[in-house]
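For the sequence shown, my numbering begins at 427 and goes up steadily by one.
Every residue gets a Cβ at the ideal spot worked out from N, C-alpha and C, and that includes glycine.
Note that this is a predicted model, so its numbers are computed, not measured.
Right, one structure below, let's go through it.
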Amino acid sequence: MVARPHIAPFRLACATLVLFALAEIARRVVGWKPDALGVLLDPGVTLAIEFCAAIAIVLRVVLRAEDRLAWAALAGYVVLTALGELGWALSFDALVEPPIPNWTDGPYLSAYVFAAAGLGLLLRAQVGGHVRRTLYLDGLIAGLSITAVCAAVVLSPAGTPASGAGFERIVTTAYPVCDLVLLGLIGAAYGVRGWRVGSTWLTLGAALAVVAVGDAAFWWATARDVYPQTDWIDGTWPLSLALLAWAAWRPAEPLPLQARADYGVIEVPLAFAGISLAVLLGAALYAVGLMAIVAAAAALLVTGARAWLTHRENVRLLLASRREAYEDGLTGLPNRRRLMRDLDLAFTRGTGPSTLVFLDLDGFKAYNDAHGHLAGDSLLVQMGCALRDAVADGGAAYRLGGDEFCMLLPGAVTARDPRIAGVVQALHGTGEDAVGVGASSGVVVLPREAGSPTAALRLADTRMYDDKSFRRRLRPETMGHGRVADPPAPGDRRAGLGPSV
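See the structure below:
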């Protein structure tokens, strides 16, 4: 088992590589080469930086277990690129007109496959399957928009090389195209991560942006025979590999568990969509190339799909919120808030009388204490099913909370209504354990007996407690929780309910 290494020395070494690469670019730009730094700033330092970067990433794969497969693929990209650079230096660097294409294009171009695989594996390892589909679309919008902009600048007909044809032109154009694909993947990764970029992904993006600039500049300069005056381009490739090595030794940055809920989640993809729209508008005035137009149009299409998914998610959330606001979580019946809304409608729509039935379970506390809360919840669910069946042909049933239920029935009914008796009798279908549970009721005809929803509930509650008191006077006091005889009381309020046992 390999011990976890201290990453600080490796980070320092990679940062040093980045500084040397920047110094090499500065030397090539300004032609600065003091004698004291002549050895360090020799052109051969380019190969040294690239192979040191390759060694650093390979060591990262060997010494660190996290995201090992992803970084192994990225190590393949760096190693192949370094080998291509070595082959170019040994075979073609001394030539005045090196052949294009040549055998070094093999490792150069195959390296892009490893880079794309490494980015995909790294993103998958960090975010797993805990990503909303809209974030994947955000990433695709960003990637396509970046590709559209870069293609408009680099691959436009105005910037097309004046020389080169056939296979030579295909090979030389393949480099900036592959760079655009990698930059598109970087933009997609930023979107999938919810725009929490982090230092590792920011450094990866910078590394691939640098190599894209170098390849585009080399593609343009060699076609116009101005490459000797722009040999600073040679410094971009070691700088890119040094940045990749630095990214490899950054501390691990897991994706935050809590999803972002700010406006940036939607504003960033909209901004990229605006960029793509600008590319399409620019295509009407300037020649920007087919790839730029296709990428920009695709970004706008994906933006439309993203907007549709967002609308669907919002509708689903709205419906779920309404359901939670108006539905009892245990029984699935409408709750008190829904009852008050329906009572308001019953008093205002003028469609004839309706009846409010207030039901409260008798003996439920003793049953709950004797058999446990799960048994009590099961009994409440049974009561909810009975109420739902009772109003299947018209009306609505509600759970107000605890062991209190209501029914709102069309027409003027009395306590003798068989639907009320059926609900009470359904309690006895739960087994012998529930024989001590009954129900008291209070019935109010609307709007004849009450002028408002509040008055109706108050009157129904009063009548229900009167009914409960009447039952208690008829029922002998008992200890424990067993069968209790409960003969019906005379009158409409008690008749038809049957014995509550």
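CA-to-CA distance, residue j to residue i, given in whole angstroms
i: Val636; j: Val444; result: 12 Å
i: Ala697; j: Val575; result: 13 Å
i: Leu506; j: Glu750; result: 57 Å
i: Arg595; j: Pro524; result: 15 Å
i: Leu547; j: Leu716; result: 30 Å
i: Leu805; j: Ala876; result: 32 Å
i: Leu769; j: Leu826; result: 14 Å
i: Arg742; j: Glu753; result: 16 Å
i: Leu512; j: Leu549; result: 31 Å
i: Asn794; j: Asp493; result: 53 Å
i: Ile420; j: Gly565; result: Outside the displayed span of the chain (427 to 927) sits residue 420, for which this structure offers no information.
i: Ala434; j: Thr472; result: 24 Å
i: Ile475; j: Ala668; result: 7 Å
i: Ala724; j: Gln552; result: 27 Å
i: Asp815; j: Ile701; result: 58 Å
i: Ser517; j: Gly470; result: 14 Å
i: Gln851; j: Asn761; result: 23 Å
i: Val522; j: Ser536; result: 26 Å
i: Ala722; j: Leu711; result: 15 Å
i: Leu745; j: Gly755; result: 15 Å
i: Gly610; j: Leu735; result: 22 Å
i: Ala674; j: Ala452; result: 25 Å
i: Val869; j: Leu800; result: 30 Å
i: Ala515; j: Ala449; result: 20 Å
i: Val817; j: Val728; result: 47 Å
i: Trp627; j: Glu693; result: 20 Å
i: His737; j: Gly778; result: 40 Å
i: Thr629; j: Pro677; result: 12 Å
i: Arg874; j: Ala881; result: 11 Å
Beta-carbon proximity of residue i to residue j, cut-off 9 Å
i: Ala812; j: Val849; result: yes
i: Trp672; j: Ala441; result: yes
i: Phe446; j: Leu485; result: no
i: Leu835; j: Arg732; result: no
i: Tyr824; j: Arg764; result: yes
i: Gly820; j: Thr757; result: no
i: Gly661; j: Arg490; result: no
i: Leu883; j: Phe773; result: no
i: Leu561; j: Ala496; result: no
i: Ala498; j: Ala439; result: no
i: Leu634; j: Ile659; result: no
i: Ala479; j: Pro695; result: no
i: Val597; j: Asp531; result: yes
i: Gly606; j: Ala638; result: First, the residue type needs correcting, since residue 606 is Leu and not Gly in the sequence shown. In this structure, Ala638 lies closer than 9 Å to Leu606 by Cβ.
i: Ser780; j: Gly730; result: no
i: Gly864; j: Arg897; result: yes
i: Leu771; j: Cys832; result: no
i: Ser867; j: Asp829; result: no
Same chain only: Cβ atoms within 8 Å of residue i, ignoring 5 sequence neighbours per side
i: Val623; result: Tyr616 and Gly631
i: Gly802; result: Phe790, Tyr793 and Asn794
Cβ neighbours of residue i in the same chain (closer than 7 Å, five flanking residues each side left out)
i: Ala541; result: Leu500, Tyr503 and Leu608
i: Phe477; result: Ala508
i: Ala726; result: Correcting the residue type first, residue 726 is Leu in the shown sequence and not Ala. Result list for Leu726: Ala699, Ser702 and Leu703, in chain order.
i: Val714; result: Ala578, Ser582, Val705 and Gly708
i: Met766; result: Pro879
i: Asn740; result: none
Chain-order list of residues whose beta-carbon lies under 6 Å from that of residue i (same chain, five-residue window excluded)
i: Leu759; result: Gly810, Ala823, Tyr824 and Arg825
i: Pro602; result: Val580, Asp641, Ala642 and Trp645
i: Tyr538; result: Cys604
i: Tyr534; result: Gly510
i: Ala718; result: Ala574, Ala577, Ala578 and Val705
**Message:** Contact between the region 563 to 579 and the region 613 to 627 is defined here as three or more beta-carbon pairs at a separation below 8 Å; is this criterion met?
**Reply:** yes
**Item:** Three CB pairs or more closer than 8 Å across the region 873 to 887 and the region 771 to 788
**Value:** Touching, yes.
**Request:** Please specify which runs of the alpha helix (DSSP H), each continuous and at least 4 residues long, are wholly inside the region 739 to 796, giving them in chain order.
**Result:** 762 to 774
**Item:** Those runs of the alpha helix (DSSP H) which lie wholly inside the region 460 to 512 and span at least 4 residues
**Value:** 471 to 489
**Message:** Going residue by residue through the region 602 to 665, where are the continuous alpha helix (DSSP H) segments of at least 4 residues, counting only ones entirely within it?
**Reply:** 624 to 649
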